[in-house]
Structures are given as structure tokens and as C-alpha cells.
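Each residue of the sequence shown is one higher than the last, beginning at 377 in this note's numbering.
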Amino acid sequence: MAKYFDVHPDNPQPRTISQVADSVRSGALIAYPTDSCYALGCRLGSRDGIDRIRTIRRLDDRHHFTLVCQDFAQLGQFVRVDNDVFRAIKASTPGSYTFILPATKEVPRMLQHPKKKTVGVRIPDHVVTQALLTELGEPLLSSTLLLPDEEEPMTQGWEIKDRLDHVLDAVVDSGDCGTEPTTVIDFSGGEAEIIRKGAGDTSRFE
377 MAKYFDVHPD
387 NPQPRTISQV
397 ADSVRSGALI
407 AYPTDSCYAL
417 GCRLGSRDGI
427 DRIRTIRRLD
437 DRHHFTLVCQ
447 DFAQLGQFVR
457 VDNDVFRAIK
467 ASTPGSYTFI
477 LPATKEVPRM
487 LQHPKKKTVG
497 VRIPDHVVTQ
507 ALLTELGEPL
517 LSSTLLLPDE
527 EEPMTQGWEI
537 KDRLDHVLDA
547 VVDSGDCGTE
557 PTTVIDFSGG
567 EAEIIRKGAG
577 DTSRFE
């Protein structure tokens with residue numbers, strides 16, 4: 377049975393955020409809110425968490441996982457970014473974008489695309505997510521909480537708890553969340569390639 381954390385959307389309770397971070401450090405798989413929609417998250421090096429996300433979402437080996445980062449200083453530890461790409465990403469974050477970039481050696485091989493050696497990264501514009509990342513002190517390994525054969529993610533924490541209670545360790549509920557996943561931009565070739573149009577405005581990359 378998943379623990380249920382009711383978090384204020386504008387003023388997250390520090391004690392609750394600390395409890396969620398402790399759960400993640402202990403290997404928990406959580407559902408949590410972002411600036412686009414609810415997501416699944418676990419500790420960066422958790423093979424069990426990765427396997428469980430793959431099972432829940434029925435993902436293949438080519439799926440790009442995302443490292444949800446607190447800020448650019450943290451993001452820069454895990455991906456290689458040249459000056460032009462840095463400026464483009466800087467102008468769009470924090471926000472509802474995921475960027476695919478070449479991974480550094482800090483990224484476990486099991487998270488990298490098997491051929492391209494890339495990984496997705498993002499910096500969310502969400503108070504609760506940022507509070508959790510600050511407390512955790514490291515990125516969250518993440519994937520959109522979109523179930524197989526469903527067109528839209530669930531928008532309510534209580535609904536996630538009700539439907540996925542048996543496969544999650546914790547649900548972080550801060551109220552209604554959006555239904556549109558992030559916009560995905562692939563910068564691994566040096567130029568912006570729009571992979572998925574989502575919550576983030578794509579006009580600056582077209």
C-alpha cells in the first residue's frame with residue numbers, strides 16, 4: 377500500500393517534503409506533481425525503480441528516461457551542453473520542456489539510450505517539485521505517469537493512489553495537475569529537433 381502525502385501546492389510543508397525525500401532515498405517509487413502532469417519518480421541509481429516504471433508503463437529499452445534537476449548547476453553534471461545549446465535551454469527553463477542531450481559518465485548506463493548514449497533532462501517550474509529536489513540534493517529519475525492504452529495522464533493524486541496503490545510506494549498529492557506532458561526537444565545533434573509537442577511552447581525551437 378502506497379503512503380499518501382498531502383502537500384500544499386504553494387507552501388509545501390517542510391516536514392512532509394523531508395519524509396518524501398527519505399522515502400526516495402530508501403528506494404521508493406513515487407508519483408509526484410510537476411508543471412506539466414503527474415510523473416513517476418525514483419532515485420537516480422535505483423534499478424528496481426527503473427524496472428518498475430518500465431513495467432507500469434510497458435516501456436521498451438529505447439525509451440528515454442528523464443533526470444528531473446533542481447537547476448543548471450545540477451543539470452550540467454549529467455549532460456554535455458555547448459554554448460549555443462546552453463543559451464537555448466537557459467531561455468526556456470524552468471519550464472515544461474525535456475531536453476535530450478549527450479550523457480556524461482555520471483549517468484548510469486542503464487539510463488542512457490542504448491545506441492545514442494543520450495538522456496533526457498528537465499528543470500520543472502513547480503514549487504512542490506523544486507522543494508523535493510532541494511531536500512533530496514540529487515535529480516529524480518522520472519517518467520510521465522501515462523498508463524498503457526490511455527490517452528491522458530491522471531490529474532488527481534487521490535485517483536493515482538486509488539488505481540496504483542499496489543505498485544507504488546508513495547503518492548505526493550498537491551491537487552489538480554495538468555494532462556499535457558512536456559515538450560521534448562532533442563539537442564543531441566547540436567540543432568533543435570522537436571520530438572514531441574506538449575505543454576511547452578515550441579515556437580522558439582522551430
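Here a beta-carbon is modelled for each residue, glycine too, at the ideal position from N, C-alpha and C.
As the structure is a computational prediction, the values presented were derived from the model and not from experiment.
Counting C-beta neighbours from all protein chains within 10 Å, is the total for residue i 16 or more, i.e. buried, or is it exposed?
i: Lys537; result: buried
i: Ser550; result: buried
i: Ile406; result: buried
i: Thr431; result: exposed
i: Ser468; result: buried
i: His440; result: buried
i: Gly565; result: exposed
Can you find the residues in the same chain that come closer than 6 angstroms, C-beta to C-beta, to residue i, ignoring five residues on each side of it along the sequence?
i: Ile429; result: Leu416, Ser519
i: Leu522; result: Pro529
i: Tyr380; result: Lys537, Val547
i: Thr410; result: Pro500, His502, Thr505
i: Ala404; result: Asp545, Ala546
i: Arg419; result: Val400
i: Pro385; result: Ser550, Gly551
Within a Cβ cutoff of 7 angstroms, which residues of the same chain sit near residue i, ignoring the five residues on either side of it in sequence?
i: Asp541; result: Met377, Ala378
i: Ser412; result: Ser472, Gly554, Glu556, Pro557, Thr558, Gly574, Ala575
i: Pro388; result: Val503, Val504, Ala507
i: Asp437; result: Pro490
i: Phe581; result: Ile561, Ala568, Ile570
i: Asp424; result: Gly403
i: Thr392; result: Phe381, Val383
i: Gly421; result: Pro484
Leaving aside the five residues before and after residue i along the sequence, list all residues of the same chain whose C-beta is less than 8 angstroms from its C-beta, in chain order.
i: Phe454; result: Leu443, Cys445, Ala479, Thr480, Glu482, Val483, Val495, Val497, Pro515
i: Asp577; result: Thr559
i: Thr531; result: Cys413, Tyr414, Asp552, Cys553, Gly554, Thr555
i: Pro323; result: The question about residue 323 has no answer here: the residues shown for the chain are numbered 377 through 582.
Residues bridged to residue i by DSSP?
i: Glu569; result: Asp562
i: Gly496; result: Thr442, Ile476
i: Cys413; result: Thr555
i: Asp382; result: Asp549
i: Ile406; result: Gly417, Ala546
i: Val455; result: Ala479
TODO: Pair every Cβ in the stretch 459-466 with every Cβ in the stretch 511-526, then say whether three or more of these pairs are closer than 8 angstroms.
DONE: no
Task: Validate contact between the stretch 433-451 and the stretch 495-512 using beta carbons, cut 8 angstroms, 3 pairs - done: yes
- [ ] Please go through the stretch 486-548 and give each complete beta strand (DSSP E) segment of 3 or more residues, from N-terminal end onward.
- [x] 494-498, 516-520
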